[in-house]
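Structure record follows, encoded as structure tokens.
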Amino acid sequence: MFFLFLTSGLFLGWSLGANDAANIFGTAVGSKMIRFHTAAIIAGIFVIIGATAQGSGTTHTLSQLGSVDAVAGAFAVSLSAGIVIFFMTKYLLPVSTTQAIVGAIIGWNIFTGHTTDLSLLLTIVSSWITSPIIGAIFSAILFILLRMLLKRLQIHIIILDVYIKWALIIVGAFGAYSLGANNIANIIGVFVGSAPDVVIDFGLFSLNGAQVLFLLGGIAIAIGIFTYSRKLMIEVGNGIMALSAEAAIAVVLAQALVLFVFSSTAFSGLLKNIGLPAVPLVPVSSSQVVVGAIMGIGLVKGINEIRFKTIRGIALGWVLTPVFAGLISFLALFFVRNLFNLNVGSELNGTVAGTAISPAVIESLPQTSRHINLIWPGISLMVLLVLSAVVIYSFRQQKRRLVAEKELLEKEKQYNISQHALTNSEIRTVQLENVYLQNEVENKRKELINYALSIIEQKEYFEKISENLRSLINEKGPEVKDEKLKKLEVEVRQRMSFNDKVEEFNIRTERMHKDFMGRLTQLYPVLSANDIKLAVMLRLGISSKEIATLLNISPKSVEINRYRLRKKLGLGKGANLTQFINNI
Amino acid sequence: MAFFRNATSVIDAIETFFNTVDQGVLVFKEGVSNYLHGNQEAFSNNIAMMAKLEADADDLRRDIENKLYAHSLMPQIRGDILRLLEEMDNIIDTAKKNLFQFDVEVPNIPAELNQDFVLLTDMCVSSVSAVIPAARAYFRSPETVKDQIHRVYFYEKEADKLADALKRKAFRQMQGLRLSEKFHLRYFTLHIETVSDTAEKVADLLSIMAIKRSI
């Protein structure tokens, strides 16, 4: 039942981890100096250590304000604080867990009739105001010192980068420790009064009931960091980083120092011992300290522009958050007591709030308590954790390997596809080449046949000439001889038309202008073969005289043919035939 | 510590890169002088040396770039630094290109202009020699960058004046030259001037980078 009530506190812890870790590791993660997982592991571990080792001081103060001595009451108080934080965050109002829990405790005081210690309340409220101011002073001093140091040392920027990386990790770890130590009271403080009376022995160390609650609260914060702080870390980190890495270190360190100062019993005792006023051990808002720290840097740099809107918002949060939390707490306690009939706390009309739990009591390990030995379960848990880590690591490695193999397969697939496409295009090219070669062979064959026919024809022709010459030699009459000679001369002249050459030329032009001839036939079906031949010659830029020789006709006939072609192509008087043909 | 080892190796590479650029412009200066005075053999050696230095600078720049990314060094200002190195690399590239142009185009430079060309080259090289310490300063004491780059601007302006005077002399006083030769001289004046312009670009970049670091 106790752990069921504790869930409201753990939820509060989760939301604190999700929101406040960004103030600590935002710079390092946002600037990609360290990975989120590394930051989350460091923050988680140090938050837990801080909460468990140093959470008693601030818890004591809160228990002084109102020692909630019934677990149902603690549940209602914690839940009210959680509800206020949820709604104020939703409506983008500045809110702090500390202010919410203080308001809720005052609500409990009023409900149960306890009197609130006003001087203590004043101390707490003044710490809300002083903590950002101290943050500003700390960050300004740290920044000045850091700047002076860097100026004097003149470290190379690349070495400086390595130093900054480590500094951000160390300062972040310290910040996480301080956050756990200071803010754990907000989460678990109200439950400490109802903590189970046990001592758990972990072998190396033992924890009493309150410390176990701190441990659980710390774990809740760590889970919040792991599960929900990534986005905020990157956003806030980039915002803070806009200052510069040195300034960011000063801001985070100042925040860590402020949280540490407001939670360390040892430091407070030290101040007391040397005669200085002790620092009140109060949980303070880390976000507001960060705002103060950034303003401190701005002042050092001479930026006069103080964001009054931010300050006004924070101041509004100082008033609104506790008032709302107090009201909701009062209502929640009313419902819990009257609806569920549960004890929400001892009612002491007019007396100062219940018995405060001192840090010494929180940290003590009473002999009377029930002792639980967790040495072997602890060892088993550790072994289990280590084994889990090993399994997760090897699983991840395997996953990476599989991903790499998948990528490789994908690449191979892509390669095969492109190879296939290449092969296909090669096949197409070869096919085209084959068609071309077949045409070539066909043309050659035609040429060969023509050549052969021409040889035969020529042989027959020369045989005929030889026969005619022989008969001429035997001819007696000179007149007949002359007549026969004239006839032979005309015959030879006619033969001089170079038919075979012209034919070869025709074949070649036909082959070269196949596409053009196709287009021409398609566009002008009325054209005859001779018209097309003429058009091809004109396209080649051959003159009419040359055409006449090639076609073995007179130039006059060429002109007539040209005229006919113009007509068939539908050309007007002024149109240039050659230009028209070239444009087809 | 691996982190420091990686950082140190990058620092060494950057230093070597700056030295290479410095040597490059000195070879350029020597090369121009050898060309003007007709020392063909020495000029050929300068060309070979220049080509080697330019290739070395390119390799170093790529090496630095790889290391900065591989070891996740300076994620916020890595872009700026790589741009700076690129601009510095442009200086040696320009110098090399110029020297090769002398070799390829063999401009006819009258002996009366030799001294002007030597002075112009000297001024351009001085601007580069001034920008290198400023670039080095950015890495260790960015607040001193501003004090160093004013020299670059001075040399650049002087180079501009010299180039202007040289062009005027070529076009107005050298009547014996053909127009094509005058054009050729003007191009070579412009080419040499580009070296100081590139140095000025680096100085501008450094100035902004130094301000960014101080914010």
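So the sequences go chain by chain: F and G. Residue numbering for the first sequence is 315 to 898, as defined by this note's numbering. Residue numbering for the second sequence is 12 to 226, as defined by this note's numbering. Using N, Cα and C, we set each Cβ at its ideal position, and we do this for glycine too.
Partner residues on chain A for residue i, Cβ-Cβ distance less than 8 Å
{"i": "F/Gln-468", "result": "Any reference to chain A falls outside this structure, whose protein chains are F and G."}
Neighbour list for residue i in chain G, Cβ cutoff strictly below 8 Å
{"i": "F/Ile-363", "result": "Under the 8 Å cutoff, chain G gives no residues; its nearest Cβ is about 25 Å from F/Ile-363."}
{"i": "F/Ser-453", "result": "Those within 8 Å of F/Ser-453 in chain G number zero; the least Cβ separation is about 16 Å."}
{"i": "F/Ser-345", "result": "Pro-86 and Gln-87"}
Bounding residues of the beta strand (DSSP E) (the contiguous stretch that carries residue i)
{"i": "F/Leu-521", "result": "520 to 522"}
{"i": "F/Ile-588", "result": "It is not in any beta strand (DSSP E) - F/Ile-588 carries neither H nor E in the DSSP assignment."}
Residue i to residue j span [Cα, whole Å]
{"i": "G/Ile-120", "j": "G/Met-220", "result": "41 Å"}
{"i": "F/His-470", "j": "F/Thr-352", "result": "26 Å"}
{"i": "F/Lys-828", "j": "F/Ile-867", "result": "24 Å"}
{"i": "F/Leu-899", "j": "F/Ala-390", "result": "With chain F running from 315 to 898 in the structure shown, residue 899 of chain F is simply not present."}
{"i": "F/Glu-803", "j": "F/Glu-797", "result": "10 Å"}
{"i": "F/Val-705", "j": "F/Met-696", "result": "14 Å"}
{"i": "F/Leu-474", "j": "F/Leu-407", "result": "38 Å"}
{"i": "F/Leu-722", "j": "F/Lys-479", "result": "35 Å"}
{"i": "F/Asn-500", "j": "F/Gln-602", "result": "15 Å"}
{"i": "F/Leu-951", "j": "G/Ser-20", "result": "Here chain F has residues from 315 to 898 only, and residue 951 of chain F is not among them."}
{"i": "F/Leu-460", "j": "F/Ala-564", "result": "8 Å"}
{"i": "F/Leu-783", "j": "F/Lys-800", "result": "12 Å"}
{"i": "F/Ala-559", "j": "F/Thr-341", "result": "8 Å"}
{"i": "F/Gly-616", "j": "F/Gly-486", "result": "27 Å"}
{"i": "G/Thr-205", "j": "G/Lys-223", "result": "27 Å"}
{"i": "F/Ile-628", "j": "F/Phe-709", "result": "47 Å"}
{"i": "F/Arg-759", "j": "F/Ser-739", "result": "30 Å"}
{"i": "F/Pro-446", "j": "F/Leu-493", "result": "15 Å"}
{"i": "F/Leu-641", "j": "F/Phe-516", "result": "41 Å"}
{"i": "F/Phe-488", "j": "F/Trp-442", "result": "21 Å"}
{"i": "F/Ile-514", "j": "F/Asn-687", "result": "6 Å"}
{"i": "G/Asp-91", "j": "F/Ser-508", "result": "58 Å"}
{"i": "G/Val-129", "j": "G/Leu-216", "result": "28 Å"}
{"i": "F/Val-637", "j": "F/Val-572", "result": "25 Å"}
{"i": "F/Met-555", "j": "F/Gly-344", "result": "A caution first: F/Met-555 carries a pLDDT of 48, below 50, which makes its placement in the model unreliable, though a value can still be read off. Approximately 8 Å between the Cα atoms of the pair."}
Segment limits, alpha helix (DSSP H) that includes residue i
{"i": "F/Ile-447", "result": "432 to 467"}
{"i": "F/Val-476", "result": "471 to 506"}
{"i": "F/Asp-383", "result": "Taken as a continuous stretch (DSSP letters only), F/Asp-383 belongs to no alpha helix (DSSP H), as it is neither H nor E."}
{"i": "G/Val-156", "result": "156 to 179"}
{"i": "F/Asp-334", "result": "316 to 344"}
{"i": "F/Ile-514", "result": "From DSSP, F/Ile-514 is part of no alpha helix (DSSP H) but of the beta strand (DSSP E) over 512 to 515."}
{"i": "F/Thr-412", "result": "411 to 426"}
{"i": "G/Tyr-198", "result": "190 to 225"}
{"i": "F/Ile-363", "result": "350 to 368"}
Interface residues of chain G facing residue i [CB-CB closer than 7 Å]
{"i": "F/Val-565", "result": "Those within 7 Å of F/Val-565 in chain G number zero; the least Cβ separation is about 15 Å."}
Of the listed residues the options, nearest to residue i (C-alpha basis)
{"i": "F/Glu-824", "options": "F/Lys-615, F/Glu-805, F/Gly-616 and F/Glu-761", "result": "F/Glu-761"}
{"i": "F/Phe-576", "options": "F/Leu-376, F/Tyr-877, F/Leu-837 and F/Lys-800", "result": "F/Leu-376"}
{"i": "G/His-161", "options": "G/Phe-150, G/Ser-152, G/Pro-144 and G/Leu-177", "result": "G/Pro-144"}
{"i": "G/Val-117", "options": "G/Glu-41, G/Asp-175, G/Phe-54 and G/Gln-34", "result": "G/Phe-54"}
{"i": "F/Leu-326", "options": "F/Thr-737, F/Leu-653, F/Ile-498 and F/Gly-659", "result": "F/Ile-498"}
{"i": "G/Met-99", "options": "G/Ala-141, G/Asp-171, G/Arg-151 and G/Pro-153", "result": "G/Ala-141"}
{"i": "F/Ile-483", "options": "F/Ala-354, F/Ala-509, F/Ala-365 and F/Val-744", "result": "F/Ala-354"}
{"i": "F/Ala-561", "options": "F/Ser-578, F/Val-614 and F/Val-593", "result": "F/Val-614"}
{"i": "G/Val-163", "options": "G/Glu-211, G/Leu-173 and G/Arg-89", "result": "G/Glu-211"}
{"i": "F/Thr-541", "options": "F/Ala-357, F/Tyr-405, F/Leu-701 and F/Asp-515", "result": "F/Ala-357"}
{"i": "F/Pro-610", "options": "F/Thr-412, F/Ala-718, F/Lys-586 and F/Phe-457", "result": "According to the sequence displayed, residue 610 of chain F carries Gly and not Pro. Considering only alpha carbons, the answer is F/Phe-457."}
{"i": "F/Met-851", "options": "F/Pro-869, F/Lys-870, F/Thr-892 and F/Glu-817", "result": "F/Thr-892"}
{"i": "F/Val-382", "options": "F/Gly-427, F/Gln-368 and F/Gly-396", "result": "F/Gly-427"}
{"i": "F/Val-806", "options": "F/Leu-854, F/Tyr-775 and F/Asp-511", "result": "F/Tyr-775"}
8 Å Cβ cut-off: residues of chain F touching residue i
{"i": "G/Ile-22", "result": "His-470, Ile-472 and Ile-473"}
{"i": "G/Ser-83", "result": "Lys-346 and Met-347"}
heavy atom of the ligand NAD below 7 Å from residue i C-beta
{"i": "G/Phe-15", "result": "Ligands are entirely absent from the displayed structure, and the ligand NAD is therefore not among its contents."}
- prompt: Between the region 41 to 58 of chain G and the region 103 to 110 of chain G, do at least 3 Cβ pairs fall closer than 8 Å?
  reply: Yes, since at least three Cβ pairs between the region 41 to 58 of chain G and the region 103 to 110 of chain G fall closer than 8 Å, the two stretches touch.
message: Across the region 342 to 358 of chain F and the region 600 to 609 of chain F, are there enough close Cβ pairs to call them in contact, namely three or more that are closer than 8 Å?
response: No, because fewer than three Cβ pairs between the region 342 to 358 of chain F and the region 600 to 609 of chain F fall closer than 8 Å, the two stretches do not touch.
message: Quick check: the region 70 to 77 of chain G against the region 25 to 36 of chain G, are at least 3 beta-carbon pairs closer than 8 Å?
response: Cβ pair count under 8 Å is three or more, so yes.
- prompt: Are the region 446 to 456 of chain F and the region 530 to 547 of chain F touching by the rule of at least three beta carbon pairs closer than 8 Å?
  reply: No, the region 446 to 456 of chain F does not touch the region 530 to 547 of chain F.
- request: Check whether the region 94 to 107 of chain G touches the region 56 to 70 of chain G, taking contact to mean three or more Cβ pairs, one atom from each stretch, closer than 8 Å.
  value: Yes, since at least three Cβ pairs between the region 94 to 107 of chain G and the region 56 to 70 of chain G fall closer than 8 Å, the two stretches touch.
message: Taking contact to mean 3 or more Cβ pairs, one atom from each stretch, closer than 8 Å, check whether the region 133 to 142 of chain G and the region 176 to 186 of chain G are in contact.
response: Under the 8 Å Cβ criterion, the region 133 to 142 of chain G does not count as touching the region 176 to 186 of chain G, having fewer than three qualifying pairs.
query: Would you call the region 76 to 87 of chain G and the region 36 to 43 of chain G touching, i.e. three or more CB-CB distances under 8 Å?
result: Because the criterion of three Cβ pairs below 8 Å is not met, the region 76 to 87 of chain G and the region 36 to 43 of chain G do not touch.
field: Given 8 Å, three or more beta-carbon pairs between the region 368 to 385 of chain F and the region 500 to 516 of chain F
entry: Verdict: yes, contact present.
message: For the region 430 to 440 of chain F against the region 541 to 549 of chain F, do three or more pairs of beta-carbon atoms, one drawn from each stretch, fall closer than 8 Å, so that the two count as touching?
response: No contact exists between the region 430 to 440 of chain F and the region 541 to 549 of chain F.
Inter-stretch contact (C-beta, 8 Å, three-pair minimum) for the region 512 to 530 of chain F and the region 411 to 420 of chain F: Touching, no, given that fewer than three Cβ pairs across the two stretches are closer than 8 Å.
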